[in-house]
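Chains as they are written, first to last, in the numbering used here: chain A, 1 to 277; chain B, 1001 to 1268. The structure appears below as structure tokens.
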């Protein structure tokens, strides 16, 4: 039977080595296939830790994590490789390989695992760079790129193997609003045009709402973006708010606005360190 | 008077934690080495990266190793000539230089120099990759960092250090010859005859086994320190320093025990 959930966390606890306090405490949530989940929270609330757990980069102290129906909580590195092949990750600051060119970064997985010939490699990488609007940057090196361009290359690298799930770790942090908006449009494009399940970790409310409220479709050979202002209509996206490793809110945008949870109210008002309206 | 030593729970706790941390580090270090070696027996293997590392470690260290060997041989001749002259044994200076270089100074000094140049570089490079999440990115892209980054460096280190040591030994003997010929006025045939005649098979064995072990130590320590880097750019600096300190101490201490073992089991 095909799994209906992309990710499932059940009572997950996690503490970083040498840290007595748990970074995540009894975290449980489900993410449906094709859905979009925005994880909000102040600095150090455990948002990025969730993404690392989904990728299997770290193991939970207790609890169960399923990705695509596979329990990855105790899987070893080699057993995790097939699971990771279905996931793309956009890291904070991009995490591009400094010693490789932009093309080699984007096509890293294609070269390592798919063993494409040079012509096919160039064609695939050029198409991916074109998708993120960096078609002319094929031979550049990461040191030549601006912060926004690095994130876009990182998005291209994450989508190179056509994963069904992409994790975005603060993809707009440190970028100016216009560049941040470009990254959000990319996330929307991947979600709406490629059918990718998206998990966006951010503390930028503006970007979170842009991703949730914007939709894109192909029309007359081009792309048409539209924004839905009536949040009651938004059913495909969910928000999770973390406070000191615990989930204090989980629900749709309309419920987020109505929540009377004090931390959520403060977060929405921009009073939590790290929260940005 | 018998000292009244009181071990408070705090002291015991701190000591216990220190011991636990060291044991955990030793376990992680051993696992890294084991995983790197184990990865050689299954695909994928990264031959291009291995060749690049051989070039970086071998060709990149040529100048420093050559100069070290040359001046070590020269200073050894200068220093030993006075002592040998006291016994009328100046013609034996070649023997002194060749055996010292081959058995001890060549392997140890080459390893220390390569540790300073290569081991620290590996710790800095891998440490930077850790703090900029490149290692996490590598794993997320389905590539095992130990297989891709550590194993090629380990093979390269183990192959290239003996090669560099042989070169250092040869240049050291040439350095000794230059001083013997032009300062001590020793006949070339006398120097070379004494130098080469003294070398036996077990000396060659000792001179080649040591750099094999030292090559492993340099790379394993550099990679371990790099991959366990924490604390941002400051952590990278600390890992770099630690890699040189730990590798140097390990090289010198291992050298002592290798001497004991080889003298006991290999030498007649």
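Backbone N, C-alpha and C fix where the C-beta goes; we use that ideal spot for every residue, glycine too.
Whole-angstrom distance between residue j and residue i, CA atom to CA atom
{"i": "residue 1090 of chain B", "j": "residue 1191 of chain B", "result": "9 Å"}
{"i": "residue 1014 of chain B", "j": "residue 198 of chain A", "result": "46 Å"}
{"i": "residue 185 of chain A", "j": "residue 90 of chain A", "result": "14 Å"}
{"i": "residue 1215 of chain B", "j": "residue 135 of chain A", "result": "44 Å"}
{"i": "residue 279 of chain A", "j": "residue 81 of chain A", "result": "This structure does not reach residue 279 of chain A, given that chain A is present from 1 up to 277, and the question cannot be answered."}
{"i": "residue 36 of chain A", "j": "residue 265 of chain A", "result": "22 Å"}
{"i": "residue 1087 of chain B", "j": "residue 1110 of chain B", "result": "31 Å"}
{"i": "residue 105 of chain A", "j": "residue 172 of chain A", "result": "20 Å"}
{"i": "residue 221 of chain A", "j": "residue 111 of chain A", "result": "31 Å"}
{"i": "residue 1064 of chain B", "j": "residue 1055 of chain B", "result": "14 Å"}
{"i": "residue 18 of chain A", "j": "residue 24 of chain A", "result": "15 Å"}
{"i": "residue 1049 of chain B", "j": "residue 1152 of chain B", "result": "6 Å"}
{"i": "residue 108 of chain A", "j": "residue 157 of chain A", "result": "7 Å"}
{"i": "residue 1250 of chain B", "j": "residue 1150 of chain B", "result": "19 Å"}
{"i": "residue 215 of chain A", "j": "residue 151 of chain A", "result": "21 Å"}
{"i": "residue 1154 of chain B", "j": "residue 165 of chain A", "result": "35 Å"}
{"i": "residue 1241 of chain B", "j": "residue 1028 of chain B", "result": "19 Å"}
{"i": "residue 1246 of chain B", "j": "residue 1116 of chain B", "result": "11 Å"}
{"i": "residue 250 of chain A", "j": "residue 53 of chain A", "result": "19 Å"}
{"i": "residue 103 of chain A", "j": "residue 1040 of chain B", "result": "28 Å"}
{"i": "residue 257 of chain A", "j": "residue 132 of chain A", "result": "32 Å"}
{"i": "residue 1034 of chain B", "j": "residue 227 of chain A", "result": "55 Å"}
{"i": "residue 1099 of chain B", "j": "residue 1169 of chain B", "result": "9 Å"}
{"i": "residue 324 of chain A", "j": "residue 27 of chain A", "result": "The structure shown does not extend to residue 324 of chain A, since chain A is modelled only from 1 through 277, so no value can be given for it."}
{"i": "residue 118 of chain A", "j": "residue 138 of chain A", "result": "14 Å"}
{"i": "residue 21 of chain A", "j": "residue 15 of chain A", "result": "6 Å"}
{"i": "residue 144 of chain A", "j": "residue 101 of chain A", "result": "10 Å"}
{"i": "residue 254 of chain A", "j": "residue 261 of chain A", "result": "14 Å"}
{"i": "residue 1104 of chain B", "j": "residue 1204 of chain B", "result": "11 Å"}
Test: residue i CB closer than 8 Å to a CB of chain B
{"i": "residue 203 of chain A", "result": "no"}
{"i": "residue 131 of chain A", "result": "no"}
{"i": "residue 84 of chain A", "result": "yes"}
{"i": "residue 81 of chain A", "result": "yes"}
{"i": "residue 89 of chain A", "result": "yes"}
{"i": "residue 9 of chain A", "result": "no"}
{"i": "residue 95 of chain A", "result": "yes"}
{"i": "residue 20 of chain A", "result": "no"}
{"i": "residue 244 of chain A", "result": "no"}
{"i": "residue 271 of chain A", "result": "no"}
{"i": "residue 92 of chain A", "result": "yes"}
{"i": "residue 77 of chain A", "result": "yes"}
8 Å Cβ cutoff met for residue i and residue j
{"i": "residue 1106 of chain B", "j": "residue 1207 of chain B", "result": "yes"}
{"i": "residue 1120 of chain B", "j": "residue 1232 of chain B", "result": "no"}
{"i": "residue 45 of chain A", "j": "residue 200 of chain A", "result": "no"}
{"i": "residue 1113 of chain B", "j": "residue 1175 of chain B", "result": "no"}
{"i": "residue 1258 of chain B", "j": "residue 1210 of chain B", "result": "yes"}
{"i": "residue 13 of chain A", "j": "residue 63 of chain A", "result": "yes"}
{"i": "residue 169 of chain A", "j": "residue 51 of chain A", "result": "yes"}
{"i": "residue 55 of chain A", "j": "residue 32 of chain A", "result": "no"}
{"i": "residue 1095 of chain B", "j": "residue 1198 of chain B", "result": "yes"}
{"i": "residue 38 of chain A", "j": "residue 237 of chain A", "result": "yes"}
{"i": "residue 1226 of chain B", "j": "residue 1126 of chain B", "result": "yes"}
{"i": "residue 1229 of chain B", "j": "residue 1219 of chain B", "result": "no"}
{"i": "residue 1213 of chain B", "j": "residue 1069 of chain B", "result": "no"}
{"i": "residue 66 of chain A", "j": "residue 154 of chain A", "result": "no"}
{"i": "residue 1133 of chain B", "j": "residue 149 of chain A", "result": "no"}
Residue-chain proximity (residue i, chain A), Cβ-Cβ < 8 Å
{"i": "residue 1203 of chain B", "result": "no"}
{"i": "residue 1143 of chain B", "result": "yes"}
{"i": "residue 1223 of chain B", "result": "no"}
{"i": "residue 1018 of chain B", "result": "no"}
{"i": "residue 1001 of chain B", "result": "Confidence at residue 1001 of chain B is low in this model, with a pLDDT of 45, below 50, so its placement is unreliable and the value that follows should be read with caution. Chain A contact via Cβ: absent."}
{"i": "residue 1015 of chain B", "result": "no"}
Q.
Using a Cβ-Cβ cutoff of 9 Å, what residues of the stretch 37 to 65 of chain A are near chain B? List them in chain order.
A. 52, 55, 56, 57
Q: Give, in chain order, every residue of the stretch 101 to 120 of chain A whose Cβ lies closer than 7 Å to some Cβ of chain B.
A: 108, 109, 112, 113
**Q.** Inter-stretch contact (C-beta, 8 Å, three-pair minimum) for the stretch 1141 to 1161 of chain B and the stretch 1190 to 1205 of chain B
**A.** no
Q.
Taking 8 Å as the cut-off, does the stretch 92 to 105 of chain A touch the stretch 1129 to 1141 of chain B (at least 3 CB pairs, one atom from each stretch)?
A. yes
Q) Listed from N- to C-terminal order along the chain, which residues in the stretch 1122 to 1140 of chain B have their beta-carbon within a distance smaller than 7 Å of any beta-carbon of chain A? A) 1132, 1133, 1134, 1136, 1137, 1139, 1140
Q) Should the stretch 1178 to 1190 of chain B be regarded as contacting the stretch 1067 to 1081 of chain B, the criterion being three or more beta carbon pairs within less than 8 Å? A) The stretch 1178 to 1190 of chain B vs the stretch 1067 to 1081 of chain B: in contact.
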